[in-house]
Structures are given as C-alpha cells and as structure tokens.
Amino acid sequence: MRRSLTAALLLGAAFLSPLAGRASADPVEITARRIEHFGIAGLTERFGRLTFLGGLDLVGHDRRFGGWSGIAVSDDGAGVLMISDNGYYLTGTMEHEAGRLTGFGHADMGTLFPGGPESKQNSDAEDVALDPKRPGCGLISLERRSTPLLSFCMKNGRTDGFKPVPVPPDVLKLRFNRSLESVAYAPPTSPAAGRVVIIGESPFTREGKTMRGWILGSGSFEIVRHDDYDISSARFMPNGDLMLLERRFTPATGIRMRLVLIPGETIKPGATVDGEMLLDVGMATQIDNMEGLDIHRLPDGRTVVTLVSDDNTNILERTLLLQFRLD
C-alpha cells in the first residue's frame, strides 16, 4: 500500500516541515537517546524474520509530550505523525544512517482537535491511518463511544475537518477503555481492497476467545485471541497480509509485546482468522507499552515496521520508537 508521491510531498512539506503550521503548532525540543540493541543484554539483533534497525528513547521538553498511541510514517520513512490519547499531535522527522534509526528532529506539537484538548474520556485517540487515495487525509480511531471513528484532512499544517464516520452498531458495544483501537486501509491486494478495516482492542467480554474486526460496508470477522493479549494496532502489508501489534501486562510477567501476521486471503466477512507469530518478547528487550504501528517499504522492496510506545505520561514509562526490517 504505497501512498502517492503527492501524499509523500504533502507529508514532507505542509505536514512535517519545521516551518509549516507555526500558527497552529509549536516547536518542541526532543532529546533522543539511541537504542543500539533490542535485547537488553545485546546478543542478537535477528528475531526470526525480523532484523532490528535501531530505536530511540524520546524525551520531550514540553508538558504535553507523551501518551503517543498512533503513528503514521511517510513513504520515504522520514516523516512521522503521532497522535496522543490526551488530544495532541506531533510531527517530526526520523533520521537514519546506513539504514538504522539514529535521531529525531524538526518536531512540532499541536492540539489534535480544533476545539482544543478535552478529557481523556472524550479525546482518547488510539490510531491514525493515512488514506492512500486522498493525500493529506485519513482516519483516527477513538475509544470514546459516541464517535469512535473520525475522518480528517490537513489544513494549513494542522489536523482539521473532522467528520464522524458511521460504524456498525456492535462497535458501540465494546467494553469501555477496551473498545475501538485500530484502523487500516486495505490495499488492492486484499480481498477487502478499497475498504477500511477497524479492530477492537479486546473481546466483548473478559472471557471472550476472539477479538472482532469489521470491514466497513462489508461485514465482520473474528481474530483468535492467544494468552490474553490485546490488539493495540494493525496495518496491512503491501501483499495484503495484516500485521497486528499485540500487548499484555501482568504483575508476574510485566510488559510483553507480540507481532502477528495474518494471511490476507483469510480476512473476509464471517471468517475466523489466526496468524504467524513474528515476534513475542518481554522485559528482556527494549519495549514499553507498545501501542502504535506503521509499515513502509524501502526502495529495494523490503518492508520496515515502525513501533511507538505510549508512556501514559508516567515518569516511570518511556516513549520508544523502534524499527525492524521484515525479511
């Protein structure tokens, strides 16, 4: 799913330029500490089909910084947009050397919703996806029940033009603070091509064995749940497969994270789907509360996975940017 060159230029200019949108966004100083090894002890950087491409531990010198739960990356892998569950957005550039993530610059922050930040209950943005057919526009999912899905377009370097997007009635029945989490555009290679796919964070009940996804305008499907993991984000691969970012926290094991790849041909209305485990890691690696996921392709055709963590604006947690190459 390649965004058009026009979209990439819009992201790189009106969206991500350090000179864009100054009237509606403020520059923010960010300290980025490089993470050279994914494993705490160093060891290997190869995890099955994934190769670690470096990471950053970000500290923003602004009281609004943190809580980043959704991420969108430009085609060239440099521009980034992140949204927080506190009602703010951040744009910036990811810096690379020899294919590895080394720095973060040109950062600006602004209020996500034109009316200003609201309570977490009313502005709990969870995911952001850019529309491959409408440059500068996209969708944001929220955990508030009244309007769980919003469309938007960029205007004068900031988010604007929010409009509610109809969702199936079942979406409104998801558990509070465990509701709509993920939104993704299906690529031409998917059976759901041209449609939007949304996914709930957890089952309808605590005892549920599946999480539900919806192909808007088509129907729903079930995703098999393993080991009480919840889904925090989802993105389609260029070939139509669907990647899930899953997480779990227990006092006994601490934070854990998984990446799961579901065959694209199985994602159809009425189906129950399961996938291949690409990554299953815990506290022995450089992770935190991993919430955001996006995917882009390198010029040589290889796929890069970018993850961001939500620190819950808690001094004991971290904002991490991590990148992997999927071979």
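Here the sequence shown stands for residues -25 to -1, 1 to 302, numbered as in mature numbering (1 follows the signal peptide of the UniProt record, and there is no 0). No residue lacks a Cβ here, since even glycine has one placed at the ideal position from N, Cα and C.
For residue j and residue i, believed in contact at Cβ under 8 Å, the rounded distance
i, j, result
"residue 300", "residue 283", "Contact flag wrong, Cβ pair sits at about 17 Å."
"residue 223", "residue 203", "6 Å"
"residue 33", "residue 10", "Not really, about 10 Å apart at Cβ, beyond 8 Å."
"residue 206", "residue 174", "6 Å"
"residue 171", "residue 188", "Their Cβ separation, rounded to whole angstroms, is 11 Å, which puts residue 171 and residue 188 out of contact at 8 Å."
"residue 281", "residue 214", "18 Å between Cβ atoms; not a contact."
"residue 308", "residue 166", "Nothing about residue 308 can be reported from this structure: the residues present for the chain run from -25 to 302 only."
"residue 88", "residue 62", "6 Å"
"residue 295", "residue 263", "5 Å"
"residue 53", "residue 105", "With 8 Å as the limit, residue 53 and residue 105 do not qualify as a contact, their Cβ atoms being about 15 Å apart."
Reference residue i, options the options, closest by Cα
i, options, result
"residue 55", "216, 70 and 175", "70"
"residue 24", "234, 137 and 229", "234"
"residue 114", "27, 158, 241 and 297", "158"
"residue 194", "219, 210, 218 and 142", "142"
"residue 108", "296, 18, 162 and 66", "162"
"residue -1", "273, 185, 288 and 37", "37"
"residue 29", "63, 77, 58 and 47", "77"
"residue 277", "226, 287 and 50", "50"
"residue 275", "154, 74 and 21", "74"
"residue 228", "112, 260, 81 and 46", "260"
"residue 288", "99, 42 and 27", "42"
"residue 254", "3, 4, 26 and 121", "26"
"residue 348", "216, 160 and 65", "Missing from the structure shown is residue 348; the chain here goes from -25 to 302 and no further."
"residue 154", "72, 216 and 116", "116"
Residue burial classification, residue i (beta-carbon count within 10 angstroms, cutoff 16)
i, result
"residue -18", "Per-residue confidence for residue -18 stands at a pLDDT of 37, beneath the threshold of 50, marking its modelled position as unreliable; the derived number appears in the next sentence. Residue -18 should be labelled buried."
"residue 244", "exposed"
"residue 131", "exposed"
"residue 83", "buried"
"residue 146", "buried"
"residue 271", "buried"
"residue 290", "exposed"
"residue 231", "buried"
"residue 118", "buried"
"residue 247", "exposed"
"residue 258", "exposed"
"residue 293", "buried"
"residue 44", "buried"
"residue 15", "exposed"
"residue 252", "exposed"
"residue 133", "buried"
"residue 94", "Its pLDDT being 45, under 50, residue 94 is placed unreliably by the model, and the measurement read from it follows with that caveat. Per the 10 Å Cβ criterion, exposed."
"residue 285", "buried"
"residue 156", "buried"
"residue 302", "exposed"
"residue 110", "buried"
"residue 298", "buried"
"residue 35", "buried"
"residue 135", "exposed"
"residue 86", "buried"
"residue 267", "buried"
Report yes or no: do three or more beta-carbon pairs, one from the region 120 to 127 and one from the region 176 to 183, lie closer than 8 Å? Too few Cβ pairs lie closer than 8 Å, so no.
If you scan the region 33 to 97 from start to end, which runs of the beta strand (DSSP E) of 3 or more residues do you find wholly inside it? As for any beta strand (DSSP E) of minimum length 3 sitting wholly inside the region 33 to 97, the runs are 43 to 48, 54 to 59, 63 to 72 and 75 to 86, ordered along the chain.
Taking only runs of the alpha helix (DSSP H) that begin and end inside the region 208 to 234, which ones reach a length of at least 4 residues, in chain order? none
Cβ contact check for the region 194 to 203 and the region 148 to 163: 3 or more pairs under 8 Å: Contact fails: fewer than three Cβ-Cβ distances are below 8 Å.
Can you check the region 127 to 167 for any beta strand (DSSP E) of at least 3 residues that lies completely inside it and give the ranges in chain order? 133 to 139 and 155 to 160
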